[in-house]
Each structure stands twice: as C-alpha cells, then as structure tokens.
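Take a look at the structure below.
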Amino acid sequence: MSSGMDAAAAGRWIRRPALLLAACHPAPAAAVTAFAAGLAAAAGRGRGAVLLTAAATAAGQLSIGWSNDRIDSARDAAAGRADKPLARGALAPGTVGTAAAAALAAAVPLSLACGTGAGAAHLAGVAAGWAYNLRLKRTAASWLPYAVAFGALPAFATAAVPPWWVTAAAALLGCGAHFANVLPDIPADRAAGVLGLPQRLGRRPSAAVAAAATSAATAVLVLGPGHPVPPAEALALAVAVATALLAPVTPGRIPFLATIAVAGLDVALLLARGPAAG
Numbered sequence: 000m001s002s003g004m005d006a007a008a009a010g011r012w013i014r015r016p017a018l019l020l021a022a023c024h025p026a027p028a029a030a031v032t033a034f035a036a037g038l039a040a041a042a043g044r045g046r047g048a049v050l051l052t053a054a055a056t057a058a059g060q061l062s063i064g065w066s067n068d069r070i071d072s073a074r075d076a077a078a079g080r081a082d083k084p085l086a087r088g089a090l091a092p093g094t095v096g097t098a099a100a101a102a103l104a105a106a107v108p109l110s111l112a113c114g115t116g117a118g119a120a121h122l123a124g125v126a127a128g129w130a131y132n133l134r135l136k137r138t139a140a141s142w143l144p145y146a147v148a149f150g151a152l153p154a155f156a157t158a159a160v161p162p163w164w165v166t167a168a169a170a171l172l173g174c175g176a177h178f179a180n181v182l183p184d185i186p187a188d189r190a191a192g193v194l195g196l197p198q199r200l201g202r203r204p205s206a207a208v209a210a211a212a213t214s215a216a217t218a219v220l221v222l223g224p225g226h227p228v229p230p231a232e233a234l235a236l237a238v239a240v241a242t243a244l245l246a247p248v249t250p251g252r253i254p255f256l257a258t259i260a261v262a263g264l265d266v267a268l269l270l271a272r273g274p275a276a277g
C-alpha cells in the first residue's frame with residue numbers, strides 16, 4: 000500500500016511541471032519571449048544581454064499566463080475547459096498561484112538587470128498584463144494592456160528609446176494580436192460574461208479591427224522612417240492594405256489567417272528595423 004501511494008505521489012510530481020507548462024499559455028509566452036530576444040539581437044546587443052532579455056521576458060510571460068488561469072479557474076471549470084489543467088482539477092489553485100507569484104518576483108530583478116529604464120519599460124508591460132487578467136479583459140478597454148505591453152517591448156529589448164514609429168507599430172501589433180486571439184472564443188466569452196471590446200463588437204467587426212490594426216502597423220513600419228520604400232516593403236504594404244479591405248467582407252477563417260500572416264510580416268519588419276529601433 001505504502002509503495003503504491005509513494006509511486007502515485009512520485010507520478011504527480013513528475014507530471015506537475017508538464018501541467019504547469021500547459022497552464023502558462025505556452026505558445027504566446029514563447030512567441031513574445033522569442034520576439035523580445037530577436038529584437039535585442041537585431042539591435043546588436045551582446046549574447047549575455049540577449050539571454051537576460053529572454054529570461055526576463057519569459058518570467059513576465061509566465062507570471063501573466065499563470066495568473067490568467069488562476070484568476071479564471073472557476074469560469075473555465077464551469078465552461079468545461081478540458082484543455083486547462085487547473086479547470087479540470089489536475090492542478091491545485093494554490094500551486095498555480097504560487098507559480099505566478101514566483102515568476103513575477105523573478106521578473107523584477109531580471110528586468111532591472113537589463114538597465115533601469117529598460118527594466119521599468121518591461122515591468123510596465125507585465126503590470127499591464129496583470130491588469131488585463133484582473134479586470135480590463137472584461138471591459139471596453141481590453142485592448143489597452145496589449146497596446147501598452149507591446150508598445151513597451153522595443154524599448155525594453157533594445158535598452159534604448161526607439162523612434163516613435165517603432166513604438167507605434169508595436170502597439171498597433173499588440174492591438175491586432177488581442178482582437179485576433181479572441182476571435183475563436185467570442186461566443187464562449189460572451190456566455191461567461193467576459194465582455195472585452197472584441198466580445199462587444201462581435202466576430203466580424205473584430206476581425207476587421209484585427210486586420211486594420213496589423214495593417215496599420217505595416218504602414219507605420221514601411222512609411223515611418225521616411226526613406227524610399229524598397230519593392231519588397233511596398234509589396235508587404237500592398238498585402239496588408241488588401242487584407243484590411245477584404246477582412247470585413249470575406250467569410251470563414253481566411254481573414255483570421257491573413258491577419259496572422261500580416262502580423263508575421265510586421266514582426267519581420269520590426270526585427271529588420273533592429274538597429275534603428277535601438
């Protein structure tokens with residue numbers, strides 16, 4: 000009996016890291032971490048600075064992801080979210096809450112080690128993520144934390160004050176990411192009483208806003224520097240404008256996929272602008 004109980008306990012400890020990873024929203028956390036590290040590398044920062052940027056970003060993203068699942072655990076359980084370890088009872092709320100607090104505590108010194116100004120910019124973005132989880136995701140200002148967090152990312156990753164057009168493009172990309180990310184969950188969110196701006200607008204208007212925001216980011220990145228536009232960037236801008244115009248009238252998942260493609264173009268342009276951003 001004892002050995003069986005010991006084996007079960009050992010199995011739970013082995014599974015816990017995997018369950019915690021699933022509860023941290025791993026895909027967006029990894030994407031934002033890679034983006035920040037890529038910006039730091041593109042700006043010419045050293046290997047140590049790039050690794051420190053990645054560590055600080057990862058800690059902040061883990062804290063936001065875990066706090067999101069902890070705060071929404073009751074709502075997710077009521078909705079039968081089997082993809083959420085906390086909602087299906089595979090993790091204790093205290094475990095996820097402790098992980099979120101520990102990641103947040105780690106994010107502070109890691110961020111400030113990147114420089115006082117850079118660290119303050121990153122911690123402002125982390126605070127915006129927590130504000131979204133705690134309250135703003137249920138209000139018409141749900142887009143604001145994304146704009147703040149993404150807008151602050153270039154200043155953090157490059158440890159410099161970027162040109163206005165870099166910050167504006169990153170903020171627009173954040174807004175587009177918010178609307179695109181929420182699109183698949185709008186009916187379930189409405190049923191659960193989560194009424195951010197996309198849920199209030201509805202699926203088709205939100206798809207249009209997502210496309211418009213990411214396309215506006217492309218325009219700012221291409222035209223903001225004020226230099227002659229290379230053919231490749233002109234093509235990227237044409238694709239973005241076409242996406243913004245067609246998204247409101249195109250059915251199915253095509254607008255969503257096209258918006259994701261434009262967001263990818265924006266990320267590529269931001270990385271290409273690394274030296275200018277820094």
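For the sequence shown, numbering that gives the first Met the number 0 begins at 0 and goes up steadily by one. For glycine and all other residues, C-beta sits at the position ideal for the given N, C-alpha and C.
Span of the alpha helix (DSSP H) around residue i
i, result
"Ala120", "Thr115 to Leu133"
"Ala206", "Arg202 to Leu222"
"Val285", "Past the boundaries of the shown model lies residue 285; the chain is included only from 0 to 277, so the question cannot be answered."
"Arg252", "No alpha helix (DSSP H) contains Arg252, which DSSP labels as neither H nor E."
"Pro25", "Pro25 to Ala41"
"Trp107", "Looking at the sequence provided, one finds Val at residue 107 rather than Trp. Element bounds for Val107: Pro92 to Leu111."
"Ser72", "Ser72 to Ala77"
"Thr242", "Pro230 to Leu245"
"Pro186", "Ile185 to Ala191"
"Val147", "Trp142 to Thr157"
Interface flag, residue i vs chain C, CB-CB below 9 angstroms
i, result
"Thr94", "In the structure shown, chain C does not exist; there is a single protein chain."
Residues near residue i by beta carbon distance below 7 angstroms, same chain, minus five either side
i, result
"Ala102", "Ala58, Leu61, Ser62 and Trp65"
"Ala216", "Ala168, Leu171, Leu172, Gly175 and Asp265"
"Gly236", "Residue 236 is actually Leu in this sequence, not Gly. Excluding residues within five positions, the ones whose Cβ falls inside 7 angstroms are Thr217, Ala218 and Val221."
"Ala53", "Thr32, Ala35 and Ala36"
"Ala139", "Leu196 and Arg199"
"Asn96", "For clarity, residue 96 is Gly in the given sequence; the question names Asn instead. If we look at Gly96 and ignore the five residues flanking it on each side, its Cβ neighbours are Arg69."
"Ala40", "Val49"
"Val160", "Ala154"
Inter-residue spacing [alpha-carbon to alpha-carbon] between residue i and residue j
i, j, result
"Gly150", "Ala167", "7 angstroms"
"Gly3", "Thr94", "With a pLDDT of 47 at Gly3, under the threshold of 50, the modelled position of this residue cannot be trusted; read the value that follows with caution. Cα-Cα distance, rounded: 24 angstroms."
"Ala86", "Leu234", "45 angstroms"
"Ala262", "Ala77", "33 angstroms"
"Val181", "Leu245", "20 angstroms"
"Ala187", "Tyr131", "18 angstroms"
"Asp75", "Ala81", "9 angstroms"
"Gly43", "Ala119", "21 angstroms"
"Ile267", "Ala33", "Ile is not the amino acid found at residue 267; the sequence shown has Ala there. Between Ala267 and Ala33, the C-alpha separation is close to 12 angstroms."
"Arg272", "Cys113", "21 angstroms"
"Cys213", "Ala239", "Contrary to the premise, residue 213 reads as Thr rather than Cys in this sequence. The straight-line gap from Cα to Cα measures roughly 8 angstroms."
"Leu269", "Leu200", "29 angstroms"
"Gly116", "Ala48", "14 angstroms"
"Ala211", "Ala260", "13 angstroms"
"Leu50", "Leu38", "12 angstroms"
"Pro250", "Asn67", "31 angstroms"
"Trp163", "Asp184", "33 angstroms"
"Ala154", "Ala106", "16 angstroms"
"Gly223", "Arg203", "29 angstroms"
"Ile253", "Gly45", "40 angstroms"
"Gly225", "Trp129", "36 angstroms"
"Ala248", "Pro16", "In the sequence as displayed, the identity of residue 248 is Val instead of Ala. Taking the straight line joining both Cα atoms gives about 44 angstroms."
"Ala98", "Pro108", "17 angstroms"
Beta-carbon proximity list for residue i, same chain, < 6 angstroms, skipping 5 on both sides
i, result
"Ala299", "The requested residue 299 is not part of the displayed model; the chain covers only 0 to 277."
"Gly124", "Ala148 and Ala151"
"Ala127", "Pro144, Val147 and Ala148"
"Leu18", "Pro84, Ala89 and Leu90"
"Ser141", "Leu135, Gly195 and Leu196"
"His110", "In the sequence as displayed, the identity of residue 110 is Ser instead of His. For Ser110, where only same-chain residues beyond five positions count, the Cβ hits under 6 angstroms are Ala55, Gly118, His121 and Leu122."
Close-in-space but distant-in-sequence residues of the same chain around residue i (CB under 8 angstroms, 5 per side omitted)
i, result
"Pro92", "Arg69, Ser72 and Leu85"
Counting Cβ pairs, one atom from each stretch, are 3 or more of them under 8 angstroms apart for the region 133-147 and the region 21-39?
no
The region 227-241 contacting the region 168-176, beta-carbon criterion three pairs below 8 angstroms:
These segments do not touch.
Is the number of C-beta pairs between the region 65-83 and the region 179-198 that are closer than 8 angstroms three or more?
Yes: at least three Cβ pairs fall under 8 angstroms.
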